[in-house]
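Chemist:
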Amino acid sequence: MNLVFSRLYVCGVPQGSTLGPLLFLLYINDLANSSDVLSFRQFADDANIFYATKTSKDLEAVTCMNSELHKVINYCDLSKLSINMRKTNCMIIASPQKPAIHNVNILNIERKTSIKYLDIYLDEHLNWKTHIAHVQGKVTEILGILNQLQNYLNLKMLRQLYCTLIYPYLNYGAMCWGNNYQTNLSKSCTKQNKCI
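All letters in the sequence shown, in the order written, are residues 87 to 282 by the numbering used here.
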């Protein structure tokens with residue numbers, strides 16, 4: 087959920103001002119108080135809302151989730167904030183062994199099978215396949231550039247480019263997705279060996 091100041095109201099601070107980010111954070115700091123049931127993670131103007139339940143029947147009813155989201159929407163209305171619905175989506179994380187939940191309608195918010203969260207792709211079964219495919223795609227793309235540059239740059243420069251352009255993709259969030267099945271990680275290992 088991406089929060090922005092509504093254009094209908096005259097409020098806020100000039101964009102690019104020094105105190106603007108701090109004042110905005112202070113302004114929306116009590117967003118988490120709008121619901122006792124939901125869990126919030128905020129980063130600048132992005133807010134992620136989590137709702138956990140142990141049974142799928144709670145999710146199928148969804149009345150609790152929808153009523154709590156209405157409280158968040160009311161908070162935003164009172165605070166003169168608008169929710170960017172184009173950037174708002176939901177995902178249900180569940181075990182792949184459990185039956186899929188299809189008939190969940192959370193305030194007509196678009197449901198996705200994977201979501202980018204802090205530059206890591208989470209999928210509905212937390213098997214990290216989407217993120218690993220993203221990393222492999224980026225590494226392949228940059229590897230093509232390095233292959234073209236290898237005739238023009240010395241080894242030290244190529245190593246610096248590797249450390250700057252490729253290594254961060256392989257390292258970022260590896261504590262989460264790096265503990266995966268060898269079959270899922272083998273292509274990434276092959277790409278890294280090719281780089282070396």
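Quick reminder that beta carbons are idealized off the backbone N, C-alpha and C, glycines included.
Hey, how far is the Cα of L167 from the Cα of V123?
Modeler: Taking the straight line joining both Cα atoms gives about 21 angstroms.
Chemist: Please determine, among K157, F136, Y161 and L155, the residue with the shortest C-alpha to C-alpha distance to M177.
Modeler: Among K157, F136, Y161 and L155, the Cα nearest to that of M177 belongs to F136.
Chemist: With a CB to CB cut of under 8 angstroms and the five nearest residues on each side skipped, what residues in its chain are close to Y113?
Modeler: Cβ within range, chain order: S165.
Chemist: With DSSP collapsed to three states, give me the class of N134.
Modeler: Of the three classes helix, strand and coil, the one that applies to N134 here is strand, per DSSP.
Chemist: Go ahead and pull the three-state DSSP assignment for S153.
Modeler: Here S153 sits in helix by DSSP.
Chemist: So with Cβ pairs under 8 angstroms, would you call N237 a contact of chain C?
Modeler: Within the model displayed, chain C is absent; a lone protein chain is all it includes.
Chemist: Only counting runs of 3 or more residues, tell me where the beta strand (DSSP E) segments fall wholly within the segment 161 to 207, in order along the chain.
Modeler: Runs of the beta strand (DSSP E) inside the segment 161 to 207: 167 to 169 and 200 to 203.
Chemist: Take H156 and list the residues in its own chain whose beta-carbon comes closer than 6 angstroms to its own, dropping the five residues that flank it on each side.
Modeler: Nothing meets the Cβ criterion.
Chemist: Within the same chain, show all residues whose beta-carbon is closer than 8 angstroms to that of S103, passing over the 5 residues directly before and after it, in chain order.
Modeler: Closer than 8 angstroms at the Cβ level, and outside the excluded window around S103, lies no residue.
Chemist: Once the 5 residues before and after D163 are set aside, which same chain residues still bring their CB inside 6 angstroms of it?
Modeler: Closer than 6 angstroms at Cβ, skipping near neighbours: no residue.
Chemist: What span of residues does the beta strand (DSSP E) with Q128 cover, start to end?
Modeler: First-last of the beta strand (DSSP E) with Q128: S125 to F129.
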